[in-house]
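Residue numbers (our numbering), protein chains in the order written: chain W, 1 to 163; chain P, 1001 to 1772.
First up is the structure itself, then whatever we jot down about it.
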């Protein structure tokens, strides 16, 4: 059984806590002095500049934190193109495979497998520098795809062994 | 007597000698004629059997990809279909047609041979939800993952004589075309040997009856000879030559070869300085349709125009053109090529020519076309580009270009009126690039869409001002032992003595110093004094090296003012720098061209994507953080008044001395756009990067389907709560604390005494205890 705290002490603590935690922001707002000054003419600024600002997100929302790129859902356009690119890769038609992979790249350039298939094509064509660069480009995007990450690392190791 | 005999003998000898001379002369003339005929015959043969024409190269846009989830409004797809010349019908039944019902489009694509394979013509059904494709299915209702439309011809590179044509083969043509042409121009084409004496007699009779030249007796072969080999002068000698050459042509070549050449040679109109030759191009010019897709009434119009393309111009003389078309349809019915009912129905059709002679999109995009030409000249001779009929496939996106041009024009008008800038003085340029792929997809080189003069996006080299600052900060962040994103930079005034004795004293834009400021804040607020001090500390050479690593290939002044952007670049060059930043330090040369094919569709060259890691991903991550702060809190923050708050964007404003140039360069996950505004006379403006170029940049970005920039945490980078001003590790909730990325080992080591966690603990305990 815990002894009850006297109400007067509770009030003092509450005031102290409120003062301590207060309304201090997480970080001080940055001065706007670097932003553009108002127009030098007496005319109003352009219409869109006068539009009321949207609600400013709170500090917590404005925190800039890293995030992994969204992975492509299977069965979509990119997946179909990747299947096609691998098919041409296996048939030894590397130029065509790259052309198909580039279509996938245009739709989603954060899909690491696109870089894997292109790197594999250049590797097969013994264009090792291009293969290496593409594998390196894909690697940071493969955070949520361990299989592709492993393939990219393996490819880089093979390229390294040949150089 | 003897004298008479002698005289007589002399006369005989003279006569004999004269005859001999005459015979000799005759033989000589016959020989000359024979040699001339042989030479002529060789010439006729050579020109006809060799390359017949100097073919213009045609430049194509990207092919529009269609897939579920793609950001494409129904109205945008309709716009593209109209530009491609698709006919809107109640139910699409053949290639080149589409129908619209509520939020659905049914279209019959035309099919196209791409580098990576053939896309067959097929019926597709698309349904839309808002600004996206919701579903895509085939004729039987089966879902389709991906399809694409044929690309649009967006320009051309022409021979000096400005003749343009799209070669077609006889086998590709609708059968009605050749039949109608022969019915009208030369009914006995397959029976004569190049010249029809019956035709000449008939024409002479008709002309005599009417007392004027009302009818020509030339066969189709003669017409071809006249157009292909001879001038248009009307002399007897030219006519004789025409007859001889027509016979020669018939001796060497088949009727079908002659007919096919005629169909590709005949003059059928004018588009500005460009002459439209052949039925293939005429079909595109008047109907914006492939010749294979034409209906009989359209075929009849083109056939009718052979008699006089200008006289029967359907835009200028629609009634005359209609009468001529209906006459052709009547002749086709008379000769059994059409039944009477079909002819009657065809005669009731409108002319069906497109709204105006704009080529359906051709020649409207000179700014982008100029970029294509420049990149082509690195690999091809100008003469080849003008004569070899190359088919050049580019990354040009007409949808993005259209919206870019609209936004450039309206924003510049708006700024001029809003800031009382003399009307017409403000100019602008903008480039849009697909991030990652490095593909330039749209270019505006002037405030006026379609302007073919000075291309500011490529050629206006203007000081880039603060737009260069990311290179300065990146140079610093690449030295984690010296600088972190939280390093305090002194923003007090500074003076630098230059080698020539001058003193350089950069000032902040608002003429105010800020004392020590965290590095990311100095970039976000574009403090000149802090940046100059930082740049001087790491070295101007180092900054210049970073600018080169980002992709700039020009010369850079080894002066302190380089750190504040005292270097002139074009918007395209700035796009190259920022693309390397947007692509996480991977340099890819910006490309306008995808691939080049020969005139007969043989792949010639591809311009593949390639990247080269030039900058460390860890320091790039820190820079990406700071460039996001620019848009969240710094000089670019007004962008978020019109862009979604959860969209992660990076960018930087740029304003040069006396506000002569207003820049903004920024990117999302999939698009980079660089905007420049200024005056051609380099005059002052009441605009900064933030009030001018940023506003246009935001306009442009609101039209694009942006994804958040890639901002994944690389290995070797960790985030910490720090108090930059104190240089201490801190905790969430502490006064002045901020969550910042550090290259491992460079984070502060000393801990702040702030303990917000303790207060939170007491609060939690109190809440729990008293159930608040």
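In this text, a Cβ means the ideal position worked out from N, Cα and C, and glycines have one as well.
Nothing here was measured: the structure is a model prediction, and the numbers come from that model.
DSSP-derived helix/strand/coil call for residue i
i, result
"residue 1052 of chain P", "coil"
"residue 1655 of chain P", "strand"
"residue 1269 of chain P", "strand"
"residue 1620 of chain P", "helix"
"residue 1326 of chain P", "helix"
"residue 1737 of chain P", "coil"
"residue 1753 of chain P", "coil"
"residue 1690 of chain P", "helix"
"residue 40 of chain W", "Note on residue 40 of chain W: pLDDT 36, under 50, position unreliable in the model; the coordinate value appears next. Residue 40 of chain W falls in the coil class under three-state DSSP."
"residue 1719 of chain P", "strand"
"residue 1484 of chain P", "coil"
"residue 1587 of chain P", "strand"
"residue 1021 of chain P", "helix"
"residue 79 of chain W", "helix"
"residue 1504 of chain P", "strand"
"residue 1563 of chain P", "helix"
"residue 1421 of chain P", "coil"
Alpha-carbon to alpha-carbon, residue j and residue i
i, j, result
"residue 1404 of chain P", "residue 1647 of chain P", "20 Å"
"residue 1201 of chain P", "residue 1279 of chain P", "30 Å"
"residue 1285 of chain P", "residue 1291 of chain P", "10 Å"
"residue 1264 of chain P", "residue 1257 of chain P", "11 Å"
"residue 1282 of chain P", "residue 1301 of chain P", "11 Å"
"residue 1337 of chain P", "residue 1180 of chain P", "8 Å"
"residue 1588 of chain P", "residue 1102 of chain P", "42 Å"
"residue 94 of chain W", "residue 1272 of chain P", "43 Å"
"residue 85 of chain W", "residue 1579 of chain P", "26 Å"
"residue 9 of chain W", "residue 64 of chain W", "Its pLDDT being 49, under 50, residue 9 of chain W is placed unreliably in this model, and the value from its coordinates should be taken loosely. Roughly 40 Å separates the two Cα atoms."
"residue 1023 of chain P", "residue 1048 of chain P", "36 Å"
"residue 155 of chain W", "residue 123 of chain W", "8 Å"
"residue 164 of chain W", "residue 1718 of chain P", "Past the boundaries of the shown model lies residue 164 of chain W; chain W is included only from 1 to 163, so the question cannot be answered."
Segment limits, alpha helix (DSSP H) that includes residue i
i, result
"residue 1400 of chain P", "1398–1418"
"residue 97 of chain W", "94–107"
"residue 146 of chain W", "146–162"
Residue j beta carbon less than 8 Å from that of residue i
i, j, result
"residue 1526 of chain P", "residue 1595 of chain P", "no"
"residue 1136 of chain P", "residue 1143 of chain P", "yes"
"residue 1520 of chain P", "residue 1625 of chain P", "yes"
"residue 1109 of chain P", "residue 1063 of chain P", "no"
"residue 1604 of chain P", "residue 1598 of chain P", "yes"
"residue 1729 of chain P", "residue 1755 of chain P", "no"
"residue 145 of chain W", "residue 121 of chain W", "no"
"residue 105 of chain W", "residue 1436 of chain P", "yes"
"residue 1660 of chain P", "residue 1425 of chain P", "no"
"residue 1547 of chain P", "residue 1577 of chain P", "yes"
"residue 1773 of chain P", "residue 1570 of chain P", "This structure leaves residue 1773 of chain P out entirely; chain P is present only between 1001 and 1772."
"residue 1615 of chain P", "residue 1709 of chain P", "no"
Continuous beta strand (DSSP E) stretch holding residue i: start and end
i, result
"residue 1083 of chain P", "It is not in any beta strand (DSSP E) - residue 1083 of chain P instead sits in the alpha helix (DSSP H) that spans 1074–1083."
"residue 1594 of chain P", "1593–1597"
"residue 1133 of chain P", "1132–1138"
"residue 1060 of chain P", "1057–1060"
"residue 1117 of chain P", "1117–1119"
"residue 1427 of chain P", "1426–1434"
Classification of residue i by the beta-carbon crowding that lies within 10 angstroms, buried from 16 upward
i, result
"residue 1151 of chain P", "buried"
"residue 1522 of chain P", "buried"
"residue 1415 of chain P", "buried"
"residue 1539 of chain P", "exposed"
"residue 1067 of chain P", "buried"
"residue 1193 of chain P", "exposed"
"residue 1277 of chain P", "buried"
"residue 112 of chain W", "buried"
"residue 1077 of chain P", "buried"
"residue 1268 of chain P", "buried"
"residue 1644 of chain P", "exposed"
"residue 1123 of chain P", "buried"
"residue 1469 of chain P", "buried"
"residue 1226 of chain P", "buried"
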